[in-house]
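Novice: Residue numbers (our numbering), protein chains in the order written: chain A, 55 to 308; chain B, 55 to 308. Note that CB positions come from ideal geometry on N, CA and C, so glycine has one too.
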DNA sequence: GCTTGACCCTGCCGTAGCGTCAACGTTTCT
DNA sequence: AGAAACGTTGACGCTACGGCAGGGTCAAGC
């Protein structure tokens with residue numbers, strides 16, 4: 055029996071058989087005078103065994119281990135380990151599917167303009183903001199930044215930040231206040247730094263900032279983060295934000 | 055902001071960021087005079103978006119597609135497709151885990167000497183055969199061959215073969231008959247081809263063969279399969295099997 | 001001025017399990 | 001005798017990066 059026939063019988067490709075030879079999973083058979091491999095029943099049997107094991111999800115090195123230890127002892131151990139691994143994978147897939155379903159249901163209700171997934175509270179806030187996201191560049195930017203924070207710092211810091219932010223976002227006047235601040239900042243896009251509206255915008259923004267926010271940290275000298283953040287704004291907008299942070303920091307820690 | 059800081063903020067490795075640059079997922083930022091990449095808030099935002107998408111399970115080429123089509127239209131489509139894909143994977147894993155559990159429970163009851171998984175009926179038959187598998191080489195070989203058939207020809211032919219084999223295996227005298235045949239064939243291991251016991255063994259074996267088995271096919275001239283199969287036997291054993299097949303074929307198609 | 005340590009750069013090899021050529025020899029059918 | 005269908009070895013391709021080699025840059029401390 056030559057390689058093609060063996061492959062057909064067991065239901066694998068010839069390439070796979072040669073691969074198993076290469077890895078030492080399946081012993082190389084005798085060669086005919088022309089160099090062709092000549093297989094016997096033993097090979098078919100062993101190959102079928104390899105197949106059964108790989109189809110269970112074992113990796114080829116593990117299959118080799120199982121085949122090598124002629125006592126079947128190790129098999130049980132490997133299978134148990136594999137089951138645990140598969141359980142983890144299954145759970146991971148399940149979780150991802152749950153998040154996918156949330157996203158898809160949001161999308162069906164017309165939310166989700168072009169963004170990826172973010173936490174449900176934020177999603178709700180920006181969902182209600184609605185048309186603002188199509189008209190106010192500031193609102194768009196704000197959503198992007200909050201999405202960044204939501205994605206970035208894993209649990210610990212995220213939770214802390216969200217716990218002080220969320221009450222502010224879900225208050226009864228939060229939407230109107232946010233719209234007002236966005237409009238004021240948008241108006242500063244082309245304004246000079248000494249425009250009188252800068253002060254008003256800063257005051258409006260500071261009023262929105264929850265008192266528990268660590269604004270002091272943000273103002274610390276070596277903070278390149280704040281600079282990077284403000285580099286994306288016009289000079290007047292950046293000045294307004296900076297003043298608002300100072301006002302919030304002074305008002306919050308008297 | 056340089057690459058290390060960006061990586062820390064978003065929670066990825068610098069290697070991943072460079073990888074995204076290489077694939078065109080994330081635009082290359084300006085370079086400083088020393089060749090360092092200099093990032094802004096925009097990059098952090100985009101990188102976080104990429105992260106959210108990959109963590110959902112999208113592949114990087116798909117992420118690129120979603121980011122490229124500036125309308126979010128395609129996102130829903132991609133996500134739906136991804137969900138279908140994940141559903142398939144989840145089902146596959148679930149099935150494998152079910153088979154694994156069967157195997158492990160078999161192993162706990164002391165079955166499964168060193169073999170991989172096979173269909174439950176076969177497993178039951180050889181489970182009951184018990185000690186025979188430790189004493190009779192023929193029994194071991196038989197199990198191996200049936201396991202091969204069980205693994206190899208997918209559904210169609212397998213079902214056909216099993217449907218005629220299983221009744222014969224589960225009859226009340228099946229175990230005793232099988233033991234008898236195994237013993238007779240084992241006795242022929244070192245016997246000459248013209249040993250009188252060859253005829254008796256052939257008769258005993260033929261009596262076990264279900265009448266519906268396509269023995270004619272097996273005897274057709276060009277069948278290298280049968281030769282390969284018999285090459286694993288001693289001459290007298292092979293002769294007995296050959297004669298049994300002839301007897302079954304003649305008796306089965308009168 | 002020199003070293004140390006923490007960054008940054010490019011580029012190449014490795015991963016699992018084969019698929020897919022390439023370039024060539026053998027067998028088999030017509 | 002030519003073509004189709006097989007066989008041989010060898011090398012590259014795929015994911016989403018990790019790891020390493022071999023170097024350049026920058027701030028601080030001696």
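1) Please identify the residue among 58/B, 95/B, 90/B and 294/B whose C-alpha is closest to the C-alpha of residue 284/A.
2) From the beta carbon of residue 216/B, is the nearest beta carbon of chain A less than 8 Å away?
3) For chain B, is any of its Cβ atoms less than 8 Å away from the one on residue 75/A?
4) Measure from the C-beta of residue 179/A to each C-beta in chain B and report whether the shortest distance is under 8 Å.
5) Are the region 93–113 of chain B and the region 129–144 of chain A touching by the rule of at least three beta carbon pairs closer than 8 Å?
6) Which two residues bound the contiguous alpha helix (DSSP H) that contains residue 58/A?
7) Just verifying my parser: in three-state terms, what is the DSSP assignment at residue 82/A?
8) By how many angstroms is the C-alpha of residue 178/A removed from the C-alpha of residue 219/A?
9) Do the region 225–244 of chain B and the region 254–265 of chain B touch if we need at least three Cβ pairs shorter than 8 Å?
10) Mind pulling the chain A residues with CB within less than 7 Å of residue 143/B?
11) Between the C-alpha atoms of residue 212/B and residue 203/B, what's the straight-line distance to the nearest angstrom?
12) Residue 132/A CB to nearest chain B CB: under 8 Å?
13) Rounded C-beta distance between residue 71/B and residue 61/B? I'm assuming under 8 Å.
14) Please decide whether residue 295/B counts as near chain A, where near means a Cβ-Cβ distance under 8 Å.
15) Measuring CB to CB, does residue 145/A end up less than 8 Å from residue 102/B?
16) For a contact meaning CB atoms closer than 7 Å, what does residue 128/A contact in chain B?
17) Along chain A, which residues have their Cβ under 7 Å away from the Cβ of residue 153/B?
18) How should residue 90/A be labelled, buried or exposed, when 16 other C-beta atoms within 10 angstroms of its C-beta is the threshold for buried?
19) Can you tell me where the alpha helix (DSSP H) holding residue 198/A begins and where it ends?
20) Within 10 angstroms of the Cβ of residue 67/B, are there 16 or more other Cβ atoms? Answer buried if so, exposed if not.
21) Quick one: measure Cβ to Cβ for residue 3/B and residue 246/B, integer angstroms, because I've assumed they're closer than 8 Å.
22) Less than 8 Å between the C-beta atoms of residue 190/B and residue 237/B, yes or no?
23) Quick check on the DSSP output: the alpha helix (DSSP H) that includes residue 261/A runs from which residue to which?
24) According to DSSP, simplified to helix, strand and coil, what is residue 131/A?
25) Provide the residue span of the alpha helix (DSSP H) that contains residue 247/B, from first to last.
26) Any beta carbon of chain A sitting closer than 8 Å to that of residue 94/B?
27) So residue 140/A and residue 153/B are supposed to be a Cβ contact under 8 Å. How far apart are they, rounded?
28) Please decide whether residue 35/B counts as near chain A, where near means a Cβ-Cβ distance under 8 Å.
29) Assign residue 92/A to one of three DSSP states: helix, strand, or coil.
30) At the 8 Å Cβ level, is residue 105/B part of the contact set with chain A, yes or no?
31) Just reading off the alpha helix (DSSP H) that residue 226/B is part of, what are its end residues?
32) Within its chain, find whatever has a CB closer than 8 Å to the CB of residue 79/A; leave out the 5 residues flanking it on each side and keep chain order.
33) If you draw a straight line from the C-alpha of residue 197/A to the C-alpha of residue 187/A, how long is it?
34) How would you label residue 98/B, buried or exposed, when you count the other beta carbons within 10 angstroms and need 16 or more for buried?
35) How would you call residue 100/B, buried or exposed, if buried means at least 16 neighbouring beta carbons within 10 angstroms?
36) Does residue 294/A pass the burial test, meaning 16 or more other C-beta atoms within 10 Å, or should it be called exposed?
Specialist: Considering the structure as presented:
1) When each option's Cα is compared against that of residue 284/A, the closest is 95/B.
2) Among the CB atoms of chain A, none fall inside 8 Å of the CB of residue 216/B.
3) By this cut-off, residue 75/A is not an interface position.
4) Taking a beta-carbon distance threshold of 8 Å, residue 179/A does not count as an interface residue toward chain B.
5) The way I'd put it, the region 93–113 of chain B doesn't touch the region 129–144 of chain A; fewer than three beta-carbon pairs between them come closer than 8 Å.
6) In the DSSP assignment, residue 58/A falls within the alpha helix (DSSP H) that extends over 57–64.
7) If DSSP states are grouped into helix, strand and coil, residue 82/A belongs with coil.
8) Near 14 Å, if we compare the C-alpha coordinates of residue 178/A and residue 219/A.
9) Touching, per the Cβ criterion.
10) Within 7 Å Cβ-Cβ: 147.
11) Rounded to whole angstroms, residue 212/B to residue 203/B spans 7 Å at the Cα level.
12) Not one chain B Cβ lies under 8 Å of residue 132/A.
13) The Cβ separation is near 6 Å, so the contact holds.
14) With 8 Å as the cut-off, residue 295/B does not count as an interface residue toward chain A.
15) Taking 8 Å as the cut-off, the beta carbon of residue 145/A is found no closer than this to the beta carbon of residue 102/B.
16) For residue 128/A, none of the residues of chain B pass the 7 Å Cβ criterion, the least Cβ distance being about 10 Å.
17) Using a Cβ-Cβ cut-off of 7 Å, residue 153/B is close to 110 of chain A, given in chain order.
18) Classification of residue 90/A: exposed, given that the 10 Å Cβ count is below 16.
19) Following the DSSP letters along the chain, one finds residue 198/A inside the alpha helix (DSSP H) bounded by residues 191–205.
20) Exposed.
21) The structure shown has nothing for residue 3/B, since chain B only spans 55 to 308.
22) For residue 190/B and residue 237/B, yes; Cβs fall inside 8 Å.
23) Its alpha helix (DSSP H) spans residues 251–262.
24) Assignment of residue 131/A by DSSP, reduced to helix, strand and coil, places it in the helix class.
25) For residue 247/B, no alpha helix (DSSP H) run applies, since DSSP gives it neither H nor E.
26) Yes, contact with chain A.
27) Contact doesn't hold; Cβ gap of about 11 Å is too wide.
28) Outside the shown range of chain B (55 to 308) lies residue 35/B, about which nothing can therefore be said.
29) Strand.
30) Taking Cβ atoms only, chain A reaches closer than 8 Å to residue 105/B, which makes this a yes.
31) Residue 226/B -> no alpha helix (DSSP H), and no H or E assigned at all.
32) Within the same chain, and ignoring the five residues on either side of residue 79/A in sequence, the residues whose Cβ sits closer than 8 Å to its Cβ are 104, 114, 117, 118 and 121.
33) Each residue's Cα considered, the two are about 9 Å apart.
34) Under the 10 Å beta carbon count, residue 98/B is surrounded by 16 or more other beta carbons and is classified as buried.
35) The residue in question, residue 100/B, is buried, as its Cβ has 16 or more Cβ neighbours within 10 Å.
36) Flag for residue 294/A reads buried.
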